[in-house]
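Counting from 1 along the sequence shown, just add 33 to a position and that's the residue number in my numbering. All C-beta atoms in this analysis are idealised placements derived from N, C-alpha and C, irrespective of residue type, glycine included. To start, the structure under review is shown below, and the notes come after it.
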Amino acid sequence: MSINLLDYDGYGLVALFAEFGEKPFRATQVLRWIHRFGQSDFDAMTDIAKGLREKLKATVVIQPPAIISDQISDDGTRKFLVDVGAGNAIETVFIPENDRGTLCISTQAGCALDCAFCSTGKQGFNRNLTVAEIIGQLWLANRALGHDPKGERIVSNVVLMGMGEPLANFDNVVTALRLMLDDHAYGLSRRRVTLSTSGIVPAIERLREACPVSLAISLHAPTDALRNQLVPINRKYPLSELLAACREYLKVAPRDFITFEYVMLDGINDSDDDARMLIALIHDVPCKFNLIPFNPFPNSDFRRSPAERIRRFAEILLSAGIVTTTRKTRGDDIDAACGQLAGQVKDKSRRHERRNKIIPLVEISS
Ligand code: SAH
Ligand code: SF4
Numbered sequence: 034m035s036i037n038l039l040d041y042d043g044y045g046l047v048a049l050f051a052e053f054g055e056k057p058f059r060a061t062q063v064l065r066w067i068h069r070f071g072q073s074d075f076d077a078m079t080d081i082a083k084g085l086r087e088k089l090k091a092t093v094v095i096q097p098p099a100i101i102s103d104q105i106s107d108d109g110t111r112k113f114l115v116d117v118g119a120g121n122a123i124e125t126v127f128i129p130e131n132d133r134g135t136l137c138i139s140t141q142a143g144c145a146l147d148c149a150f151c152s153t154g155k156q157g158f159n160r161n162l163t164v165a166e167i168i169g170q171l172w173l174a175n176r177a178l179g180h181d182p183k184g185e186r187i188v189s190n191v192v193l194m195g196m197g198e199p200l201a202n203f204d205n206v207v208t209a210l211r212l213m214l215d216d217h218a219y220g221l222s223r224r225r226v227t228l229s230t231s232g233i234v235p236a237i238e239r240l241r242e243a244c245p246v247s248l249a250i251s252l253h254a255p256t257d258a259l260r261n262q263l264v265p266i267n268r269k270y271p272l273s274e275l276l277a278a279c280r281e282y283l284k285v286a287p288r289d290f291i292t293f294e295y296v297m298l299d300g301i302n303d304s305d306d307d308a309r310m311l312i313a314l315i316h317d318v319p320c321k322f323n324l325i326p327f328n329p330f331p332n333s334d335f336r337r338s339p340a341e342r343i344r345r346f347a348e349i350l351l352s353a354g355i356v357t358t359t360r361k362t363r364g365d366d367i368d369a370a371c372g373q374l375a376g377q378v379k380d381k382s383r384r385h386e387r388r389n390k391i392i393p394l395v396e397i398s399s
């Protein structure tokens, strides 16, 4: 397989160019062409000597994944279905708002963590995305969406909240994050890049060292007993450890709060008592809450909490002084809302086999 330059961040590209006998500034020039100007054609890189261009053409490629489909919702949300080979496809969603444009990107084909209410999780896991496939989603979206009249990119924020658990694909995600932050590439501030995790505690600790960006935690329950059911990774990393990791993370985080995401499931985690237990649970973690009305998908076992329940739940958190927002459900007419991303995943974890295992009846012969 040929070398794909989209797999490299600034450091990686300098090291690769050194192997070719090229100076670091050449690598930076190419990095800028690829990510800043969205160029994939070496011939268009006019300030690179022709000899080097020919050499690059003979040895490397700039190969983003292919877009299979591009749908626009009534509310302007736009969903790209992106081919990641071997019959797998992932989804990337652009959400326009008044003051920003947020791109929600995927990090894995499927997800192994199997949260009870998540469509991606229900499909099982195929594989980690490569750096090229992760950063390629931003590259493709910038190409499709372009700039506003002031010359600013339409995509101003990135959230790693699409398909997959970003911290389970740590190295590739960190390389992609570095590209997002690099001034020669996308130049996004750490505040404008948010990683959402279900709570892989050791990886939160590593992220703190490697590349701190804004952090969102999928909390979803006020007790270990309930969280063990909804977010099974909690059995390995319980709430006390997760919240301790959040407090440590805040020491280096670009924002002075953690965002807790909380999916509102009718009759499961949405009572007044649940809200009060949450307040006690997170009392020493500076945070904001983002309530996400559950988005149904075929064969999901849950119902969305009624609007009045969500309002009351938010009110209890607010009255304890916790900034609380309720996520608007966007793009649900094109199945692009949180937790509805399905793409196309060929499960390699044999989860379905395990689930559907039929215990053979022992035949009793007479
Ligand atoms: N794996 C990461 C990021 C992807 S999921 C994580 O779990 O944080 C992004 C957010 O959508 C998470 O908070 C997740 O719990 C939530 N989510 C998943 N399924 C959902 C559904 N059906 N309705 C609403 N939110 C959902
Ligand atoms: Fe994976 Fe996140 Fe879905 Fe859980 S909610 S199954 S961690 S993608």
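Collapsed DSSP secondary structure at residue i in the structure displayed
i	result
N389	Annotation note: pLDDT 47 at N389 (below 50); position unreliable, coordinate value reported separately. Three-state DSSP puts N389 in coil, outside helix and strand.
E294	strand
N261	helix
L228	strand
H217	coil
V126	strand
L324	strand
F50	helix
I301	coil
Y41	coil
F330	coil
T61	helix
Q156	coil
G169	helix
V164	helix
G143	strand
E363	Note that residue 363 corresponds to Arg in the displayed sequence, not to Glu. Reduced to three states, the DSSP call for R363 is coil.
H68	helix
F150	coil
Y270	coil
G84	helix
T256	coil
P199	helix
T208	helix
P74	The identity of residue 74 in the sequence shown is Asp, whereas the question assumes Pro. Three-state result, D74: coil.
E396	Per-residue confidence for E396 stands at a pLDDT of 37, beneath the threshold of 50, marking its modelled position as unreliable; the derived number appears in the next sentence. Reduced to three states, the DSSP call for E396 is coil.
A174	helix
R241	helix
D307	helix
I312	helix
D55	Here residue 55 turns out to be Glu, not Asp, going by the sequence shown. Coil at E55, not helix or strand.
I233	coil
Counterpart residues of residue i in DSSP-defined beta bridges
i	result
I36	V93
V248	A small fix is needed here, since residue 248 is Leu in this sequence, not Val. L228.
Q377	A122
N190	T135
K112	Q104 and V126
A99	D116
V356	K321
R337	L298
H180	R186
Cβ-Cβ separation, residue j to residue i (assumed contact under 8 Å), whole Å
i	j	result
G120	M196	Not really, about 15 Å apart at Cβ, beyond 8 Å.
L171	M213	7 Å
L324	F346	7 Å
K321	F290	5 Å
I367	S106	5 Å
P287	R223	4 Å
D257	P235	In fact, because the Cβ distance is near 18 Å, the residues do not count as touching under 8 Å.
R111	N190	The Cβ separation is near 15 Å, so there is no contact.
L89	I168	With a Cβ gap of about 19 Å, L89 and I168 do not count as contacting.
L311	P255	4 Å
V226	L210	6 Å
N302	L275	Not quite, the Cβ-Cβ distance comes to about 16 Å (not below 8 Å), so this is no contact.
Residue i beta carbon near the ligand GTP (any heavy atom closer than 7 Å)
i	result
I123	Among the ligands in the structure shown, the ligand GTP does not appear; only the ligand SAH and the ligand SF4 can be found there.
Taking any heavy atom of the ligand SF4 as the mark, which residues have a C-beta closer than 5 Å to it, listed down the chain?
C144, L146, C148, C151, T153, G154, E198 and S231
Counting pairs of beta carbons, one from the segment 235-247 and one from the segment 194-203, are three or more of them closer than 8 Å?
yes
Any contact between the segment 249-259 and the segment 97-108? By contact I mean 3 or more CB pairs, one from each, below 8 Å.
no
Is the segment 57-65 close to the segment 75-86, with three or more CB pairs under 8 Å?
yes
For the segment 343-361 against the segment 376-385, do three or more pairs of beta-carbon atoms, one drawn from each stretch, fall closer than 8 Å, so that the two count as touching?
no
Using a Cβ distance threshold of 8 Å, determine whether the segment 328-342 contacts the segment 83-95, with at least three qualifying pairs required.
no
contact_flag[the segment 141-155, the segment 216-224] where n(CB pairs < 8 Å) is 3 or more
no
Using a Cβ distance threshold of 8 Å, determine whether the segment 181-198 contacts the segment 122-136, with at least three qualifying pairs required.
yes
Kindly confirm or deny that the segment 155-169 and the segment 124-141 touch, where touching means at least three C-beta pairs closer than 8 Å.
yes
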